[in-house]
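Residue numbers (my numbering), protein chains in the order written: chain X, 1 to 109; chain S, 110 to 262.
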């Protein structure tokens, strides 16, 4: 199983691409077939498949095949690890403890 | 499922300092020292700060942000083991509105050239804390935040 850090890296890499962000936004509205993702984005089916592979590996989307149709949907828990990372970055405590460190280092405490 | 009105969040922050646990602990137990790193900062003005550092004792802080909003922080210390750990509960309010209630632990671990500090918080963040944010679709909020973080680095 990936470490939390590696997982966060994968999600950031996946979402670092604007086309993949568009795909995630589209899938947040509803599940769609892979083939119907390409046209609105004005990219080839092959490009969609490549993007979906990255998104799937990062845990953000899930694809399933029923008969000949491959459908993709959002994986609700996919952003949890990133959400936690963002919350930590914004944490008031992060700033406070950083300030504590600076004061200790400069012998001011 | 109906929308929830509380978000639970647990996070852990670990930091290393190049001074011993006694000095880092003193920065938490001495009111004049604590105020300097905890209450002071560029982002806001301190309206009130008081610390009674003992099990059962409390700490109160009131800050005013640049936007004029007042934030109040009330802490009660649950358990203190000098130079080892501090366990406390605290609430935050924005104006009159309670926005969170949390339990936090600070641990001071000696290491070869200083101290490892581990800060653990288990919090309940309440509806309205971020106003519209909690009412937005969860995904668009996260994607927006992510976009900003990516733009910054």
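Where a beta carbon is used, it is the ideal one built from N, C-alpha and C, also for glycine.
If you're wondering where the values come from, they're calculated on a predicted model, not measured in any experiment.
About 5 Å separates the beta carbon of residue 214/S from that of residue 229/S, a gap short enough to meet the 8 Å contact definition. Taking a C-beta distance under 9 Å as the contact criterion, residue 61/X and residue 73/X qualify as a contact pair. For the segment 221 to 238 of chain S, the beta-carbon criterion of a distance under 8 Å to any beta-carbon of chain X is satisfied by 226, 228 and 230. Close partners of residue 113/S in chain X (Cβ separation under 9 Å) are lacking, with about 14 Å as the shortest Cβ gap. The three-state secondary structure of residue 170/S, taken from DSSP, is strand.
When the alpha-carbon of residue 30/X is set against those of 101/X, 67/X and 71/X, the nearest one is in 71/X. A distance below 9 Å separates the beta carbons of residue 84/X and residue 118/S. Contact between the segment 156 to 164 of chain S and the segment 182 to 189 of chain S is present: three or more C-beta pairs spanning the two stretches fall below 8 Å. Assigned with DSSP and collapsed to three states, residue 3/X falls in coil, not helix or strand. Interface flag for residue 142/S against chain X is set, since a Cβ pair is found closer than 9 Å. No Cβ-Cβ contact shorter than 9 Å links residue 201/S with residue 176/S.
Leaving aside the five residues that flank residue 111/S on each side, none in its chain has a CB nearer than 6 Å to its CB. Proximity of chain X to residue 150/S at the Cβ level (cut-off 9 Å) is accounted for by 95, 96 and 99, in chain order.
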